[in-house]
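**Q** Before anything else, here's the structure in question.
In the numbering used here, the protein residues as written are 2 to 148.
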């Protein structure tokens, strides 16, 4: 419990203290980070400052509220890898999750580079690092530089 007791609320984070942000995986993130305006503002600032933003699996849901300096979605025109709609359907969770991530990312003008279902992929687009699963991100030199 030590780490949980010392965790910092997102409202109390000083973005200037970090050079990178990692958005974790899991279906739970779809309920939290996809709708957090606080996280959206924090990530928008990180994006504007050219900081590394990395996300895996369902983590790219946190990119939904991120805007660039012109107010446009930051993923517009970007290559992104995230959990696929077809994988949600296959898992029987398409009616459970608040949104289908692949579709939402595409609505914002991103190119979702998913490959075949149940296969890992990692995409680097500028300072944005995304992966369909956590595995390929952990193997990349960019990931190792962040840790």
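Ideal Cβ placement from N, Cα and C applies to all residues, glycine included. Keep in mind that this is a model prediction, so the values were computed, not measured.
Check whether the Cβ atoms of residue 61 and residue 91 sit closer than 8 Å, and answer yes or no.
**A** No. Outside cutoff.
**Q** Use the C-beta contact count for residue 123: other C-beta atoms within 10 angstroms, 16 or more gives buried, fewer gives exposed.
**A** Buried: at least 16 other Cβ atoms inside 10 Å.
**Q** Going by DSSP, what residue range makes up the beta strand (DSSP E) through residue 132?
**A** Segment 129-132, the beta strand (DSSP E) holding residue 132.
**Q** Considering just the uninterrupted stretch of the beta strand (DSSP E) at residue 124, what are its terminal residues?
**A** That run of the beta strand (DSSP E) goes 123-126.
**Q** Checking the sheet assignment: what are the DSSP bridge partners for residue 55?
**A** According to DSSP, residue 55 bridges with 23, 130.
**Q** May I ask you to list the residues that DSSP assigns as paired with residue 70?
**A** Answer by DSSP bridge pairing: none, since residue 70 is not bridged.
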